[in-house]
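In this text, residue positions in the sequence shown follow the UniProt record's numbering: the first is 1, and each later residue adds one.
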Amino acid sequence: MRAPEVNLSELSLHPRRVVEQLEGSPTRSVRIRRREKDKPDLVLVTAERAEQAAAGFSATVTILVELMRRSAETAALAAEALPAAFPWARYLSADEVRTFAGELAETLERADSLGNPVPFAALVAKWKQTAEAHADPELAEIVRRSDHNGQTSGRVSYNFDHAT
1 MRAPEVNLSE LSLHPRRVVE QLEGSPTRSV RIRRREKDKP DLVLVTAERA EQAAAGFSAT
61 VTILVELMRR SAETAALAAE ALPAAFPWAR YLSADEVRTF AGELAETLER ADSLGNPVPF
121 AALVAKWKQT AEAHADPELA EIVRRSDHNG QTSGRVSYNF DHAT
């Protein structure tokens, strides 16, 4: 289900028409396209729909975190399921996937408490960088040969500012 799309100029010239599209949309949203290439599009959404989405996200995070805290088996299942959401996680070791799953649950809980998804996005980006290092044999060899100070090292570390 896609939201209707309008140009930003249409919103400013015909706001009532855009609001009618919003109210008639099954998603209760309208995508506002911007012509500037360096500026992201906007989404106009009803307050009710935004509140419903936030409540659903919060409940899902709470359930996931509580299940992972109460059961090692559930935490292991979450780690096994992680590559379904992030296919690039298949490049991570089993230990890294378990660490990622734990950090993800903690970060989602904290981000939800702030009402800010940026910590979640930052964590995912850092783990994706780690997966990219595993996936690129040349980069993996460079990392294998050098630690952060340029010293030769026998260990392999792909840590990009996340705890492993």
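All C-beta atoms, glycine included, are put in the ideal place defined by N, C-alpha and C. Since this is a predicted model, take the numbers as computed values, not measurements.
Buried or exposed (CB count within 10 angstroms, at least 16 for buried), residue i
i	result
valine 61	buried
tyrosine 158	Any reading at tyrosine 158 needs caution, since the residue's pLDDT is 48, under 50, leaving its predicted position unreliable; the model's value is listed next. Buried, since its Cβ has 16 or more Cβ neighbours within 10 Å.
methionine 68	buried
alanine 131	buried
glycine 154	Summary for glycine 154: the model assigns pLDDT 39, below 50, so the residue's position carries little reliability, and this model does not support an answer.
residue 165	Past the boundaries of the shown model lies residue 165; the chain is included only from 1 to 164, so the question cannot be answered.
valine 118	exposed
alanine 163	Residue placement at alanine 163 cannot be trusted, given a pLDDT of 46 that sits under 50; what the coordinates show is reported in the next sentence. The residue in question, alanine 163, is exposed, as its Cβ has fewer than 16 Cβ neighbours within 10 Å.
serine 25	buried
glutamate 20	exposed
leucine 139	exposed
alanine 59	exposed
leucine 114	exposed
alanine 105	buried
glutamate 141	exposed
alanine 89	buried
alanine 133	buried
glutamate 96	buried
threonine 152	For threonine 152, the predicted model reports a pLDDT of 43, less than 50, meaning its position is unreliable; a value from the coordinates is still stated below. When all chains shown are included, threonine 152 counts as exposed.
Endpoints, the beta strand (DSSP E) within which residue i is located
i	result
leucine 44	42–45
Residue i - partner residues in DSSP beta bridges
i	result
valine 19	In the DSSP output, where bridge partners are listed per residue, valine 19 has none listed.
asparagine 7	Arg33
Short Cβ contact (9 Å threshold) for residue i with residue j
i	j	result
arginine 34	leucine 42	yes
tyrosine 91	alanine 135	yes
leucine 82	threonine 107	no
alanine 75	alanine 50	no
valine 143	glutamate 109	no
beta-carbon residue i near the ligand FAD non-hydrogen atom, thresh 8 Å
i	result
lysine 39	The model on display carries no ligand, and the ligand FAD is accordingly not part of it.
Cβ distance (whole Å) where residue i is taken to contact residue j below 8 Å
i	j	result
proline 29	leucine 22	The identity of residue 29 in the sequence shown is serine, whereas the question assumes proline. So it is a contact: roughly 7 Å between Cβ atoms.
alanine 53	arginine 31	Rounded, the Cβ-Cβ distance is 15 Å, inconsistent with contact.
alanine 79	arginine 98	5 Å
Boundaries of the alpha helix (DSSP H) in which residue i is found, first to last residue
i	result
phenylalanine 120	118–135
serine 71	Neither: serine 71 is in no alpha helix (DSSP H) and is coded neither H nor E.
aspartate 38	Per DSSP, aspartate 38 belongs to no alpha helix (DSSP H) and is neither H nor E.
arginine 28	Counting along the chain, arginine 28 falls outside any alpha helix (DSSP H), and DSSP gives it neither H nor E.
serine 113	94–114
Residue-level contact to chain B via CB, residue i, 9 Å cutoff
i	result
leucine 42	Going by chain labels, chain B is absent from the structure shown, which holds only one protein chain.
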